[in-house]
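Single-structure report; data block below.
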Amino acid sequence: MPASEPSRHWQLQKHQQIVNEDSPTAFAQLSELALPHLIEFLQREFRQVEVHLHETAAIDSLLTYHTAPEKYDPEKLTLFAYLRMAARHDLLNAIDRSNRQKRPLLDIDEPAIQSQLVTEAGLESEPFYLEQWLDNGDSGKHTMLRQFEAELDTTDRQLFLLMLNGVRETEPYAEIMQLLTQPVAEQRREVKRAKDRLTKKLTRYVNRQQN
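At position 68 of the sequence shown (counting the first as 1) the number is 82 in the numbering used here, and the numbers step up by one without a gap.
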(Lines of atoms letter the chains of each structure in order from A; the text may use other names.)
(Lines give C-alpha, C1' and ligand atoms only; values in the text may rest on other atoms or scores of the structure.)
Protein backbone atom coordinates (compact mmCIF):
# COMPACT_ATOMS: atom_id res chain seq x y z
CA MET A 15 0.00 0.00 0.00
CA PRO A 16 1.14 3.60 -0.56
CA ALA A 17 2.38 5.74 2.33
CA SER A 18 -0.37 6.28 4.87
CA GLU A 19 -3.21 8.62 4.00
CA PRO A 20 -4.33 11.20 6.59
CA SER A 21 -7.90 11.38 7.78
CA ARG A 22 -10.64 12.72 5.55
CA HIS A 23 -11.14 15.56 8.04
CA TRP A 24 -7.48 16.58 7.79
CA GLN A 25 -7.61 16.49 4.00
CA LEU A 26 -10.76 18.60 3.90
CA GLN A 27 -9.25 21.10 6.34
CA LYS A 28 -6.13 21.54 4.19
CA HIS A 29 -8.23 21.90 1.07
CA GLN A 30 -10.37 24.61 2.64
CA GLN A 31 -7.28 26.44 3.87
CA ILE A 32 -5.77 26.32 0.38
CA VAL A 33 -8.98 27.46 -1.33
CA ASN A 34 -9.54 30.28 1.15
CA GLU A 35 -5.84 31.19 1.20
CA ASP A 36 -5.97 31.58 4.97
CA SER A 37 -2.90 29.49 5.77
CA PRO A 38 0.45 30.15 4.05
CA THR A 39 1.73 26.72 5.06
CA ALA A 40 -1.31 24.62 4.10
CA PHE A 41 -0.02 23.55 0.68
CA ALA A 42 3.43 22.75 2.08
CA GLN A 43 1.82 20.61 4.78
CA LEU A 44 -0.30 18.84 2.18
CA SER A 45 2.68 18.24 -0.11
CA GLU A 46 4.80 16.87 2.73
CA LEU A 47 2.37 13.97 3.15
CA ALA A 48 0.90 13.70 -0.34
CA LEU A 49 4.11 13.66 -2.39
CA PRO A 50 5.62 10.45 -0.92
CA HIS A 51 2.14 8.90 -0.95
CA LEU A 52 1.70 9.63 -4.66
CA ILE A 53 5.19 8.51 -5.64
CA GLU A 54 4.83 5.21 -3.79
CA PHE A 55 1.36 4.74 -5.30
CA LEU A 56 2.69 5.23 -8.84
CA GLN A 57 5.71 3.00 -8.22
CA ARG A 58 3.41 0.23 -7.03
CA GLU A 59 1.11 0.47 -10.05
CA PHE A 60 3.76 1.17 -12.71
CA ARG A 61 6.79 -0.79 -11.53
CA GLN A 62 8.53 -0.89 -14.91
CA VAL A 63 8.27 2.84 -15.56
CA GLU A 64 11.34 5.02 -14.99
CA VAL A 65 11.46 6.46 -11.46
CA HIS A 66 11.80 10.08 -12.56
CA LEU A 67 8.45 9.81 -14.38
CA HIS A 68 6.77 8.75 -11.11
CA GLU A 69 8.24 11.76 -9.32
CA THR A 70 7.40 14.21 -12.09
CA ALA A 71 3.79 13.03 -12.34
CA ALA A 72 3.33 13.25 -8.57
CA ILE A 73 4.74 16.78 -8.44
CA ASP A 74 2.73 17.89 -11.47
CA SER A 75 -0.52 16.63 -9.97
CA LEU A 76 0.08 18.63 -6.79
CA LEU A 77 1.02 21.80 -8.67
CA THR A 78 -2.00 21.47 -10.95
CA TYR A 79 -4.27 21.09 -7.91
CA HIS A 80 -2.66 24.11 -6.24
CA THR A 81 -3.24 26.21 -9.36
CA ALA A 82 -6.99 25.48 -9.38
CA PRO A 83 -8.06 23.84 -6.08
CA GLU A 84 -11.68 24.79 -6.71
CA LYS A 85 -11.88 22.07 -9.38
CA TYR A 86 -11.75 19.43 -6.63
CA ASP A 87 -15.14 18.41 -5.26
CA PRO A 88 -14.83 17.07 -1.68
CA GLU A 89 -18.29 15.52 -1.89
CA LYS A 90 -17.20 13.03 -4.56
CA LEU A 91 -13.94 11.64 -3.14
CA THR A 92 -11.12 12.39 -0.75
CA LEU A 93 -8.40 14.84 -1.73
CA PHE A 94 -5.76 12.09 -1.80
CA ALA A 95 -7.95 9.97 -4.09
CA TYR A 96 -8.36 12.99 -6.35
CA LEU A 97 -4.58 13.52 -6.40
CA ARG A 98 -3.96 9.83 -7.14
CA MET A 99 -6.30 10.00 -10.09
CA ALA A 100 -4.58 13.16 -11.35
CA ALA A 101 -1.10 11.69 -10.86
CA ARG A 102 -2.06 8.52 -12.73
CA HIS A 103 -3.45 10.63 -15.57
CA ASP A 104 -0.24 12.70 -15.71
CA LEU A 105 1.92 9.57 -15.69
CA LEU A 106 -0.07 7.92 -18.47
CA ASN A 107 0.32 11.04 -20.57
CA ALA A 108 4.06 11.06 -19.84
CA ILE A 109 4.35 7.39 -20.85
CA ASP A 110 2.41 8.15 -24.01
CA ARG A 111 4.72 11.04 -24.92
CA SER A 112 7.82 9.01 -24.14
CA ASN A 113 6.63 6.07 -26.20
CA ARG A 114 5.87 8.26 -29.19
CA GLN A 115 9.11 10.20 -29.08
CA LYS A 116 11.92 7.80 -28.38
CA ARG A 117 11.05 4.13 -28.03
CA PRO A 118 8.66 1.30 -28.83
CA LEU A 119 5.30 1.45 -27.15
CA LEU A 120 6.16 -1.21 -24.57
CA ASP A 121 9.07 -1.69 -22.23
CA ILE A 122 8.21 -4.95 -20.50
CA ASP A 123 11.17 -6.38 -18.59
CA GLU A 124 9.75 -9.51 -16.99
CA PRO A 125 7.10 -12.13 -17.81
CA ALA A 126 5.06 -11.25 -14.70
CA ILE A 127 4.27 -7.85 -16.21
CA GLN A 128 3.29 -9.01 -19.66
CA SER A 129 -0.24 -8.28 -20.72
CA GLN A 130 -2.19 -11.18 -22.15
CA LEU A 131 -4.43 -10.14 -25.01
CA VAL A 132 -6.99 -12.76 -25.90
CA THR A 133 -7.84 -12.81 -29.57
CA GLU A 134 -11.34 -12.44 -30.88
CA ALA A 135 -13.27 -15.66 -31.31
CA GLY A 136 -13.08 -16.91 -34.88
CA LEU A 137 -9.87 -15.07 -35.67
CA GLU A 138 -7.44 -17.08 -33.52
CA SER A 139 -7.89 -20.30 -31.61
CA GLU A 140 -5.40 -19.53 -28.82
CA PRO A 141 -4.57 -16.44 -26.76
CA PHE A 142 -1.25 -14.75 -27.44
CA TYR A 143 1.17 -12.85 -25.21
CA LEU A 144 2.03 -9.35 -26.29
CA GLU A 145 5.65 -9.59 -25.18
CA GLN A 146 6.21 -12.74 -27.21
CA TRP A 147 4.41 -11.22 -30.18
CA LEU A 148 6.57 -8.09 -30.06
CA ASP A 149 9.81 -10.02 -29.59
CA ASN A 150 9.39 -11.92 -32.85
CA GLY A 151 11.92 -9.64 -34.52
CA ASP A 152 9.46 -7.60 -36.56
CA SER A 153 10.00 -3.97 -35.60
CA GLY A 154 6.94 -3.02 -37.63
CA LYS A 155 4.76 -4.35 -34.84
CA HIS A 156 5.79 -1.47 -32.57
CA THR A 157 4.76 0.99 -35.28
CA MET A 158 1.49 -0.88 -35.68
CA LEU A 159 0.72 -0.52 -31.98
CA ARG A 160 1.56 3.19 -31.99
CA GLN A 161 -0.76 3.67 -34.96
CA PHE A 162 -3.51 1.71 -33.22
CA GLU A 163 -3.09 3.81 -30.07
CA ALA A 164 -3.28 7.02 -32.11
CA GLU A 165 -6.74 6.01 -33.37
CA LEU A 166 -8.17 5.73 -29.86
CA ASP A 167 -9.99 8.51 -28.06
CA THR A 168 -8.54 9.91 -24.83
CA THR A 169 -10.35 7.53 -22.49
CA ASP A 170 -9.59 4.40 -24.49
CA ARG A 171 -5.96 5.45 -24.88
CA GLN A 172 -5.59 5.73 -21.10
CA LEU A 173 -7.27 2.34 -20.60
CA PHE A 174 -5.07 0.78 -23.28
CA LEU A 175 -1.90 2.15 -21.68
CA LEU A 176 -2.94 0.61 -18.36
CA MET A 177 -3.38 -2.72 -20.12
CA LEU A 178 -0.02 -2.44 -21.83
CA ASN A 179 1.67 -1.65 -18.54
CA GLY A 180 0.27 -4.75 -16.89
CA VAL A 181 -2.16 -3.06 -14.50
CA ARG A 182 -4.70 -5.67 -13.39
CA GLU A 183 -6.51 -3.95 -10.51
CA THR A 184 -10.03 -2.72 -11.26
CA GLU A 185 -9.74 0.65 -9.50
CA PRO A 186 -7.37 2.41 -11.96
CA TYR A 187 -9.65 1.55 -14.87
CA ALA A 188 -12.77 2.48 -12.89
CA GLU A 189 -11.30 5.89 -12.07
CA ILE A 190 -10.64 6.64 -15.73
CA MET A 191 -14.13 5.46 -16.64
CA GLN A 192 -15.64 7.52 -13.77
CA LEU A 193 -17.20 4.46 -12.18
CA LEU A 194 -15.97 4.85 -8.59
CA THR A 195 -19.44 5.76 -7.34
CA GLN A 196 -20.84 2.50 -8.70
CA PRO A 197 -20.92 -0.81 -6.77
CA VAL A 198 -17.70 -2.82 -7.02
CA ALA A 199 -19.41 -5.59 -8.97
CA GLU A 200 -20.64 -3.06 -11.52
CA GLN A 201 -17.14 -1.56 -11.76
CA ARG A 202 -15.62 -4.96 -12.47
CA ARG A 203 -18.25 -5.79 -15.06
CA GLU A 204 -17.85 -2.51 -16.95
CA VAL A 205 -14.05 -2.59 -16.75
CA LYS A 206 -13.96 -6.14 -18.09
CA ARG A 207 -16.30 -5.12 -20.90
CA ALA A 208 -14.07 -2.19 -21.83
CA LYS A 209 -10.89 -4.29 -21.75
CA ASP A 210 -12.50 -7.00 -23.87
CA ARG A 211 -13.67 -4.38 -26.35
CA LEU A 212 -10.17 -2.91 -26.68
CA THR A 213 -8.61 -6.36 -26.99
CA LYS A 214 -10.99 -7.30 -29.81
CA LYS A 215 -10.44 -3.94 -31.48
CA LEU A 216 -6.68 -4.46 -31.36
CA THR A 217 -7.02 -8.00 -32.69
CA ARG A 218 -9.07 -6.82 -35.66
CA TYR A 219 -6.63 -4.00 -36.32
CA VAL A 220 -3.61 -6.33 -36.22
CA ASN A 221 -5.29 -8.84 -38.52
CA ARG A 222 -6.20 -6.12 -41.02
CA GLN A 223 -2.63 -4.84 -41.06
CA GLN A 224 -1.14 -8.30 -41.48
CA ASN A 225 -3.51 -9.40 -44.26
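Here a beta-carbon is modelled for each residue, glycine too, at the ideal position from N, C-alpha and C.
Selection from E59, L97, E35 and V65 that minimises the alpha carbon distance to S45:
By alpha-carbon distance to S45, the top candidate from E59, L97, E35 and V65 is L97.
Can Y79 be considered in contact with the ligand FAD, in the sense that its beta carbon sits closer than 7 angstroms to one or more heavy atoms? By its list of ligands, the structure shown contains no ligand whatsoever, and the ligand FAD lies outside what it can speak to.
Once the 5 residues before and after I32 are set aside, which same chain residues still bring their CB inside 6 angstroms of it?
Cβ neighbours of I32 beyond the five flanking positions: A40, F41 and P83.
Quiz item: Cα separation between M158 and Q223?
Solution: So the two alpha carbons sit approximately 8 angstroms from each other.
Three Cβ pairs or more, each shorter than 8 angstroms: is that satisfied between the segment 72-83 and the segment 47-58?
These segments touch.
query = Apart from the five residues on each side of it in sequence, which residues of its chain come closer than 6 angstroms, Cβ to Cβ, to T92?
reply = Around T92: R22 and Q25.
Problem set entry | Which listed residue (R160, M99 and L175) has its alpha carbon closest to that of E185 | E185 has its Cα closest to that of M99, out of R160, M99 and L175.
### Task
Let me know if D210 comes out buried or exposed under the rule of 16 or more other beta-carbons within 10 Å of its beta-carbon.
Looking at its Cβ environment, which holds fewer than 16 other Cβ atoms inside 10 Å, D210 is exposed.
When the distance is taken between beta carbons, is D87 closer than 8 angstroms to L175?
At the C-beta level, L175 and D87 stay beyond 8 angstroms of one another.
For this session: Could you say which of P38, A48, T213 and D36 lies nearest to S18 if we only look at CA atoms?
Result: Among P38, A48, T213 and D36, the Cα nearest to that of S18 is on A48.
Between R171 and E163, which are expected to be in contact by the criterion C-beta below 8 angstroms, what is the C-beta distance as a whole number of angstroms?
Correct: roughly 6 angstroms between the Cβ atoms.
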